[in-house]
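The structure appears right after this line, and notes come after that.
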Amino acid sequence: MSPDILDEASVIWFGPQHVSAHGWATKLTLVGDYIVECDPNAGYFHRSAEKCLEFRNFRQGSMILERICMMEAFLAEYPYIAAVEKIVDLEIPERAKIMRTIMLEFNRIHSLQFWWGQFAGELGLFAMLLWPWVDREYTLDAFEELTGSRHTVSYATPGGVKYDFTPKFHAKMEIALSRVKERMPVFDDMLAGSPTFRLRTEGVGHYTAKQALKWGLSGPNIKACGIPMDLRKDDPDPNLAYGMIDWEVPTTHNEEHPGECDAFDRLLQRFKEIETSLDIIDKLLPLLPEGPIIDPKARAKVNRLPEGEGYGRVEGTRGVTSVWLKTMEKAQTPWRAKIRGPCFASYYSLKHIVPGARFADFPAIFGSLDPYPGWWDR
Amino acid sequence: MGFVGNLGDIFRILKHVFRQVFRRPFTYFYPFEDRPYPEATRGRHIHIREKCTACAQCVRACPVAAIRIDKEDKKFEKDCALYFDYTRCIFCGDCVSACRFEALFHTPIVDISEGDREDLVYGPDKITTLDRDPLEWRGRRFR
Amino acid sequence: MSDTPGSASTLGRAIINKYPDIESKPLDGNKIELIVPPEKIRDIVSLIDEQVSDALPESLFGIDLTENKYELIYIFWSHANKMLLQLRVHLEGEKPEIESVCDIFPGLEWHERETHEMFGVNFKNHPDLRLLLLPDELEGKFPMRKSFVTDRSRMDETGLAQPKSRPESGGESS
Amino acid sequence: MQQFDFYLWLSGLWDWIWGVLLWFWGILKWFVIWILDVIDGIWALVALPENFMFLVRAILMPGLIFVLFALIFTVWYTRKIWARVQDRRGPTHVGKYGGYQLFADAIKLMAKETIIPLKAKRWMYRILPSLLLVIVLLTFAFIPWDPYWNILGAPGSAFPDLSVSLVLIFALLTAVPVFSLLIGWVSGSKYSLIGGFRAANNQFASEIPMVISSVGPAMLAGSLSMFSIVAAQTSIWYVVLLPVNFATFLVASIASVGTFPFDAPVADSEIIFGWRTELSGIYFTVVYFAEFAEQMLYSALMVALFFGGFNGLPFLPGIVNFLIKWLVIYFLFTLVTSSFYRLRQDQIVHLCWKYLLPLSVLNVVLVMFAVVYIPGLLPLVIGG
Chain A
127 MSPDILDEAS
137 VIWFGPQHVS
147 AHGWATKLTL
157 VGDYIVECDP
167 NAGYFHRSAE
177 KCLEFRNFRQ
187 GSMILERICM
197 MEAFLAEYPY
207 IAAVEKIVDL
217 EIPERAKIMR
227 TIMLEFNRIH
237 SLQFWWGQFA
247 GELGLFAMLL
257 WPWVDREYTL
267 DAFEELTGSR
277 HTVSYATPGG
287 VKYDFTPKFH
297 AKMEIALSRV
307 KERMPVFDDM
317 LAGSPTFRLR
327 TEGVGHYTAK
337 QALKWGLSGP
347 NIKACGIPMD
357 LRKDDPDPNL
367 AYGMIDWEVP
377 TTHNEEHPGE
387 CDAFDRLLQR
397 FKEIETSLDI
407 IDKLLPLLPE
417 GPIIDPKARA
427 KVNRLPEGEG
437 YGRVEGTRGV
447 TSVWLKTMEK
457 AQTPWRAKIR
467 GPCFASYYSL
477 KHIVPGARFA
487 DFPAIFGSLD
497 PYPGWWDR
Chain B
95 MGFVGNLGDI
105 FRILKHVFRQ
115 VFRRPFTYFY
125 PFEDRPYPEA
135 TRGRHIHIRE
145 KCTACAQCVR
155 ACPVAAIRID
165 KEDKKFEKDC
175 ALYFDYTRCI
185 FCGDCVSACR
195 FEALFHTPIV
205 DISEGDREDL
215 VYGPDKITTL
225 DRDPLEWRGR
235 RFR
Chain C
1363 MSDTPGSAST
1373 LGRAIINKYP
1383 DIESKPLDGN
1393 KIELIVPPEK
1403 IRDIVSLIDE
1413 QVSDALPESL
1423 FGIDLTENKY
1433 ELIYIFWSHA
1443 NKMLLQLRVH
1453 LEGEKPEIES
1463 VCDIFPGLEW
1473 HERETHEMFG
1483 VNFKNHPDLR
1493 LLLLPDELEG
1503 KFPMRKSFVT
1513 DRSRMDETGL
1523 AQPKSRPESG
1533 GESS
Chain D
11 MQQFDFYLWL
21 SGLWDWIWGV
31 LLWFWGILKW
41 FVIWILDVID
51 GIWALVALPE
61 NFMFLVRAIL
71 MPGLIFVLFA
81 LIFTVWYTRK
91 IWARVQDRRG
101 PTHVGKYGGY
111 QLFADAIKLM
121 AKETIIPLKA
131 KRWMYRILPS
141 LLLVIVLLTF
151 AFIPWDPYWN
161 ILGAPGSAFP
171 DLSVSLVLIF
181 ALLTAVPVFS
191 LLIGWVSGSK
201 YSLIGGFRAA
211 NNQFASEIPM
221 VISSVGPAML
231 AGSLSMFSIV
241 AAQTSIWYVV
251 LLPVNFATFL
261 VASIASVGTF
271 PFDAPVADSE
281 IIFGWRTELS
291 GIYFTVVYFA
301 EFAEQMLYSA
311 LMVALFFGGF
321 NGLPFLPGIV
331 NFLIKWLVIY
341 FLFTLVTSSF
351 YRLRQDQIVH
361 LCWKYLLPLS
371 VLNVVLVMFA
381 VVYIPGLLPL
391 VIGG
């Protein structure tokens, strides 16, 4: 771009008080209607979770992590527990494994339901903003029945899970899942089937798989490019039950541009994600054995941990979510805990994806990447 | 797709929206109606001082230091007074699961708003009693 | 996955053949860990970029080991080879320095910025080392270092006796 | 030379003062008489039966008060429909079914501080929102609510409407984008400036297809007067003959209002509230009302142009027929607005110029040939 174009450029701050910027600020340089430069700024949500974790013991740490991302609270707290279990070398009961997996997938459904609404709201359809959120209420009712809390479930603990499935919970989960299945065709019509939606998202926010890997994107954002990169299949946590059943990693292949994806492909990918989650839950529920839900010795074991390093990873709704823990000998608290949020990369990648797009496409681009500011600010 | 396909899509969307208009709305009149809360709801706490042994496990378990213990204030043999600061409490349930003497529980009361910040520190007089049934002042129950 | 090109053992062998002064820890499942001297980091990362075509730069962060010793950890994940690659770099000094690798993996740019502001590790040739997460008044304070003292006054309000200080752990548990 | 006589001068002083007083009194009297004359004249004008009834019509019944109450109802109606579409209940607490919610909102908004930005042009900023509302409300003068009881023209008069009222409505509405653009400009904010340009762009894109779509009914009725167009639809409503025209008019009018699928001017996920971003308090209330008034107006136009206006069930008064149809059309309007995603500005222009404009022009041509070559059509469409 020649410098005389930039003379006419105007700078617009997208955030932090902007209606649709959820607590972040992006500096956009506009020439006419086109964005020529995008400078994402982080830090408006920063609560120093990593430093906080250094002062919490291993049972309390997950409470901090839950509050980083409310939408996938259990998926967010799980890597910490997995890391602790790797350091102590805990093996948890079979029933607890399956219950954890079911709850993880259930939480993923909840997060994706929230995302449907959020994305539609960013594209300006308020009916679709609220319809998925109604279904989400049923999901939250089920969470509340099980754990007593709607968002921050704090369900798992090192060595097992805290609350047992009850018949009431099974009934409420059945209601929530059948509601998702029942409303899926409607949402398909309202989102992917809508001509105005296709106009807004097709060809918007392009990137290739190679670029996405270099930027560190993961999860649905890269599966939409056709790469079946999924930690549930590739590197499953030993205390989860993904290996017990047969399931397929969902990917989206676009014939027009193989190996690339745009906002529309990312939407399709997330539809497939929710179908996969439903599939996994359906297959795991009959396998649920009777037995204990927590290893009784675990509570004593996690009081003081041996020296070691553990890397707990889980495939979150938005991508690879991981916690890297280092403990010293006989530690009550971690020496260092690194939280790797998936949206750290997707928010950074706005810097590369957005230039060249129209100003009105900006909400479509960031909405399709499913950003959550807690993940990059922590 | 084509023009006709788009027209079909548009009419399908209009059909969904039109059906939605004549459905019963999901929301309810909140202050007057409320849903029943499950047994497990992690609302405000209740402290049963007869059973308390002043072991302070709940205070140690609290990740946000929301509980203050006063061991001098004894009403029974070996109990203590607990002060819950609900401006800090995150309702994680750790204190309840840490209590081995069944002296601390959650209640399904979740609407604990107050006009003053100091009123949210529930001292021993407030934390040991339920001043009202959940949902009592709201009138009709719903769903 | 033993000897396919790009797999963990192949990559480890290739790196050690080229740079014999690099230590590697024994393979643990799909995980390979290399201990890299700070001046070699650019060579190693570009070698990874060549050898592993789908390397995902997962994470980069620092650890404060006190007494002006720091560790940097680079984590890469390869989907095709199911390989987790962890590079460990030991740094020393009041203001440790290392070469930036964000031109090879752009995804590490913000991780480097964060490590810079949190630990005071200077990344040479980094294009943009502004503050990422911290407010302006914390510039140069490096809050993730162990020497940064946080306010623990809330713990006094609980009415508990103060637990004995445990220097080997990060701080008092509550 | 007569010597100065002090006593003579003293005796003349009173006369002099009296003269001055009389002079002032003359001025005062003239002024009072003039005002009284003016009042007399006005009263004489008003007291004439037709003039008095014009005032009643313009202020009370189909005029200002009626339109304002209809506006208040419309806001409530719209919010209820939106709420139902979004699975909510809408306003419920204030009044029966939330009927008084708008009064509560209006009082709240008026009581709020009106913050004028530092960079705003203060005088323009104060005057423009109310001018916008006035312009939009003026157009209601030409809506034929009833066969006998309209703002212009009494039942006995020779012609119950202006002969070019359709043109006049569009002429007045042309001022709306100018006001949007000016409000965006004088607010002194980037968001509102972008929104203002988008609003102007939006209107220029959609106004032409809308005007050309309204040519179809006008040609069938053979008149540009709203009243005549409605009166011509006694045998058949024009929506039966011109469904495509109705569709183009509906889409173009939604685009012209700048509400939901075409709300790029006030797109809240990009430019915070478009050209209304900096408005607050009473200015925002006025602009908010103007938008709803515009939606009302377009629904009323659709009723008049395509759905036979006051024609309908014969045992009901004309205005009731009109209002029933208006409610249904407004429901349709809101339904369409609340079921699509926001289009980009270039896509709005693309849609309006590449699809709506050719369709409406084609329709005009078809109507031309139909009127000439289909023998039974003309008696059918010009009414009985």
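Residue numbers (the working numbering), protein chains in the order written: chain A, 127 to 504; chain B, 95 to 237; chain C, 1363 to 1536; chain D, 11 to 394.
Glycine included, C-beta positions come from ideal geometry on N, C-alpha and C.
Which of helix, strand or coil does DSSP assign to residue i?
i: Arg235(B); result: Note that Arg235(B) scores 43 on pLDDT, short of 50, meaning its location in the model is unreliable; the coordinates nonetheless yield the value given after this. Here Arg235(B) sits in coil by DSSP.
i: Trp450(A); result: strand
i: Ala483(A); result: coil
i: Trp155(D); result: coil
i: Gly108(D); result: helix
i: Ser344(A); result: coil
i: Phe199(B); result: strand
i: Thr347(D); result: helix
i: Ala175(B); result: strand
i: Ile194(A); result: coil
i: Val141(B); result: As written in the sequence, residue 141(B) is His, which differs from the Val given in the question. Three-state DSSP puts His141(B) in a strand.
i: Phe1423(C); result: strand
i: Phe105(B); result: helix
i: Tyr298(D); result: helix
i: Pro166(A); result: strand
i: Gly226(D); result: helix
i: Tyr333(A); result: strand
Am I right that residue i and residue j are in contact with their C-beta atoms under 8 Å? What's the rounded C-beta distance?
i: Ile1403(C); j: Glu1461(C); result: 6 Å
i: Pro284(A); j: Ile207(A); result: 6 Å
i: Gln213(D); j: Asn321(D); result: The pair is not a contact, with the Cβ atoms about 31 Å apart (cut-off 8 Å).
i: Gly286(A); j: Ile420(A); result: 3 Å
i: Pro399(D); j: Phe316(D); result: Residue 399(D) falls outside the range modelled here, since chain D spans only 11 to 394, and no answer is possible.
i: Arg182(B); j: Ala155(B); result: With a Cβ gap of about 14 Å, Arg182(B) and Ala155(B) do not count as contacting.
i: Thr327(A); j: Phe390(A); result: 4 Å
i: Leu413(A); j: Met370(A); result: 6 Å
Who pairs with residue i in a beta bridge, going by DSSP?
i: Pro279(D); result: As written in the sequence, residue 279(D) is Ser, which differs from the Pro given in the question. Answer is none; Ser279(D) lacks a bridge partner.
i: Gly434(A); result: Thr453(A)
i: Asp421(A); result: The partner list for Asp421(A) (beta bridge, DSSP) is empty, contrary to what the question assumes.
i: Phe123(B); result: Looking at the DSSP assignment, Phe123(B) forms no beta bridge with any residue, so it has no partner.
Taking only the alpha-carbon atoms, compute the straight-line gap between residue i and residue j and give it to the nearest angstrom.
i: Gly198(D); j: Asp405(A); result: 54 Å
i: Phe113(D); j: Ile125(D); result: 22 Å
i: Lys477(A); j: Ala202(A); result: 25 Å
i: Thr402(A); j: Arg309(A); result: 16 Å
i: Leu74(D); j: Arg117(B); result: 36 Å
i: Gly233(B); j: Pro125(B); result: Residue confidence is low: Gly233(B) scores 45 on pLDDT, short of 50, so the model does not pin down where it sits. No coordinate-derived value is stated.
i: Arg262(A); j: Trp241(A); result: 10 Å
i: Tyr1381(C); j: Phe1423(C); result: 24 Å
i: Gly217(B); j: Glu133(B); result: 24 Å
i: Thr102(D); j: Asp290(A); result: 40 Å
i: Met99(D); j: Val330(A); result: A quick correction: the sequence has Arg, not Met, at residue 99(D). Their backbone Cα atoms lie some 35 Å apart in a straight line.
i: Trp40(D); j: Val338(D); result: 58 Å
i: Ile179(D); j: Leu78(D); result: 18 Å
(request) Scan the segment 162-173 of chain B for residues whose Cβ lies nearer than 8 Å to a Cβ of chain C and list them as they occur along the chain. (result) Arg162, Ile163, Asp164 and Lys165
(message) Output needed in chain order: residues of the segment 234-253 of chain A with a Cβ under 7 Å from some Cβ in chain B.
(response) Ala253
(request) Could you please tell me which residues of the segment 179-212 of chain A, in chain order, have their CB closer than 8 Å to any CB of chain C? (result) Glu180, Phe181, Arg182, Asn183 and Gln186
(request) Output, in sequence order along the chain, the residues in the segment 102-132 of chain D whose CB is closer than 9 Å to any CB in chain B. (result) Thr102 and His103
(request) Please list the residues of the segment 294-325 of chain A that have a C-beta atom closer than 7 Å to any C-beta atom in chain B, keeping them in chain order. (result) Val312, Asp315, Met316, Gly319, Ser320 and Pro321
(request) Output, in sequence order along the chain, the residues in the segment 1506-1523 of chain C whose CB is closer than 8 Å to any CB in chain B. (result) Arg1516, Met1517, Glu1519, Thr1520, Gly1521 and Leu1522
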